[in-house]
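Report on the structure given below.
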């Protein structure tokens, strides 16, 4: 039986509630994380995610605020669950894939001692089933010439965190919420208020997408897909057919759900 302490991250990147948003974004990029706990005098008071930052910056451009003028407290989620390090990991499995925050702070004696995310669950995935059995075959994609505002709307409407970027049938990049937040932040910083709305609608996916992209084929096992995500520190794998065209995508959520199935079968 695994417990939360067995898989949690105990080296936690945190920010202060008064840290400016620019610093928060730089810290998240430096440590390759998408969520950070927010602290105030040693106490956990909230969580900031790249999703929250993207939504905030998408709205503040109408009011002329700069990212350096906003603070972690202005975008953090104050309503969140916590876990105890001695809790069985099965207590957290029903929450996998549910809407809302996907980071669960781990607290002992009132102190933050770790965090738990879907990335932690990858380490205990053992399924030898093909990843095609859990992949999503309906893949939302964008092209390099698509506008970021269009990509942002796709992410929000479909409640997803990333979009493969496809050109001439081939995957040429991937776009995350973090890149959109970074693009909006740079635009707000460099563009006079009266031009921000027009400038935001000019930003293209190709200028902000990540590449090269780590991909896989649908015939690898779920366990192999989990290992690849761990090794590459990524949250999703576009799956390509023999001609290099995208045929599906698998995320940490898809893989983590298999743990529940294995436990139920035992």
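In this note's numbering, the protein residues as written are 26 to 291. Just so it is clear, CB atoms sit at the ideal spot from N, CA and C, and this is done for glycine as well.
From 29, 50, 138 and 81, residue whose alpha carbon lies closest to that of residue 67: Within the chain shown, numbered from 1, the residue matching residue 67 stands at position 42. Ranking the options by Cα distance to residue 67, first place goes to 138.
Pairwise C-alpha distance: residue 39 and residue 92: For this step, residue 92 is matched to residue 67 along the chain shown. For this step, residue 39 is matched to residue 14 along the chain shown. As the crow flies, the alpha-carbon of residue 92 is around 18 Å from that of residue 39.
Secondary structure of residue 87, DSSP reduced to three states: By one-based count along the chain shown, residue 87 stands at place 62. Below a pLDDT of 50, predicted positions are generally treated as unreliable, and residue 87, at 49, falls in that range; the measurement from the model is reported next regardless. Assignment of residue 87 by DSSP, reduced to helix, strand and coil, places it in the coil class.
Cα-Cα separation between residue 218 and residue 134, rounded to whole angstroms: Residue 218 sits at position 193 when you count from the first residue of the chain shown. Residue 134 sits at position 109 when you count from the first residue of the chain shown. So the two alpha carbons sit approximately 47 Å from each other.
Inter-residue spacing [alpha-carbon to alpha-carbon] between residue 46 and residue 153: To locate residue 46, count along the chain shown from 1; it is residue 21. To locate residue 153, count along the chain shown from 1; it is residue 128. Cα to Cα, residue 46 sits roughly 42 Å from residue 153.
Residue 36 - DSSP class collapsed to helix/strand/coil: Indexing the chain shown from 1 puts residue 36 at position 11. Correct three-state label for residue 36: coil.
For residue 83 and residue 212, the rounded distance between their alpha carbons: Here residue 212 refers to the residue found at position 187 of the chain shown. Here residue 83 refers to the residue found at position 58 of the chain shown. Each residue's alpha carbon lies about 11 Å from the other.
Whole-number beta carbon distance between residue 173 and residue 199, since they are thought to touch under 8 Å: As a working mapping, residue 199 is identified with position 174 in the chain shown. As a working mapping, residue 173 is identified with position 148 in the chain shown. Not quite, the Cβ-Cβ distance comes to about 14 Å (not below 8 Å), so this is no contact.
Neighbourhood of residue 224 by C-beta distance below 6 Å, restricted to the same chain and skipping five residues each side: Working through the chain shown from its first residue, we reach residue 224 at position 199. So the list reads 212 and 216, once near-sequence residues are dropped.
Same chain, Cβ closer than 6 Å to residue 95, neighbours up to 5 away in sequence not counted: Residue 95 sits at position 70 when you count from the first residue of the chain shown. Apart from sequence neighbours up to five positions away, the residues of its chain that approach residue 95 with a beta-carbon distance below 6 Å are 46, ordered along the chain.
Limits of the unbroken beta strand (DSSP E) element including residue 239: Looking up residue 239 in the chain shown gives position 214. Judged by DSSP secondary structure, residue 239 falls outside any beta strand (DSSP E); it is assigned neither H nor E.
Residue 188 beta carbon less than 8 Å from that of residue 167: Here residue 167 is taken as the residue at index 142 of the chain shown, counted from 1. Here residue 188 is taken as the residue at index 163 of the chain shown, counted from 1. Yes. Within cutoff.
Residue 70, DSSP secondary structure in three states: Numbered from 1 along the chain shown, position 45 holds the residue referred to as residue 70. DSSP places residue 70 in strand when its eight states are reduced to three.
Residue 197, DSSP secondary structure in three states: Within the chain shown, residue 197 is the residue found at index 172, counting from 1. Residue 197: strand per DSSP, three-state reduction.
Own chain partners of residue 245 with C-beta closer than 6 Å, once the 5 adjacent residues on each side are dropped: To locate residue 245, count along the chain shown from 1; it is residue 220. In the same chain as residue 245, and ignoring 5 residues on each side of it, the C-beta atoms closer than 6 Å to its own belong to 156, in chain order.
Segments of 3+ residues assigned as beta strand (DSSP E) that fall wholly inside the stretch 205-287: If we require 3 residues or more, the beta strand (DSSP E) runs fully inside the stretch 205-287 come out as 261-265 and 271-276.
Member of 65, 41 and 128 whose CA lies at the smallest distance from the CA of residue 34: Reading the chain shown from its first residue, position 9 is the one you call residue 34. Of 65, 41 and 128, the residue nearest in Cα terms is 128.
Range of the contiguous beta strand (DSSP E) that encloses residue 28: Here residue 28 refers to the residue found at position 3 of the chain shown. Taken as a continuous stretch (DSSP letters only), residue 28 belongs to no beta strand (DSSP E), as it is neither H nor E.
Member of 101, 64, 69 and 65 whose CA lies at the smallest distance from the CA of residue 75: On the chain shown, position 50 is the one that residue 75 refers to. Nearest neighbour of residue 75 by Cα position, chosen from 101, 64, 69 and 65, turns out to be 101.
Residue 170 versus residue 229: straight-line alpha-carbon distance, rounded: Counted from its first residue, the chain shown places residue 170 at position 145. Counted from its first residue, the chain shown places residue 229 at position 204. So the two alpha carbons sit approximately 6 Å from each other.
Residue 154: first and last residue of the uninterrupted alpha helix (DSSP H) it sits in: Taking the first residue of the chain shown as position 1, residue 154 is located at position 129. From DSSP, residue 154 is part of no alpha helix (DSSP H); its letter is neither H nor E.
Rounded separation between residue 221 and residue 210 - CA only: Along the chain shown, read from residue 1 onward, the residue named residue 221 stands at position 196. Along the chain shown, read from residue 1 onward, the residue named residue 210 stands at position 185. About 11 Å.
When 110, 37, 64 and 272 are compared against residue 27, the one with the closest alpha-carbon: Residue mapping note: residue 27 aligns to position 2 of the chain shown, counting from 1. Minimum Cα distance to residue 27 is reached at 110.
Contact set for residue 98: own chain, Cβ-Cβ below 6 Å, skip 5 residues either direction: In the chain shown, the residue the question calls residue 98 occupies position 73. Contacts found: 42.
CB contact flag (residue 203, residue 53, <8 Å): Reading the chain shown from its first residue, position 178 is the one you call residue 203. Reading the chain shown from its first residue, position 28 is the one you call residue 53. Taking 8 Å as the cut-off, the Cβ atoms of residue 203 and residue 53 count as close.
Beta-carbon proximity of residue 274 to residue 265, cut-off 8 Å: On the chain shown, position 249 is the one that residue 274 refers to. On the chain shown, position 240 is the one that residue 265 refers to. In this structure, residue 265 does not lie closer than 8 Å to residue 274 by Cβ.
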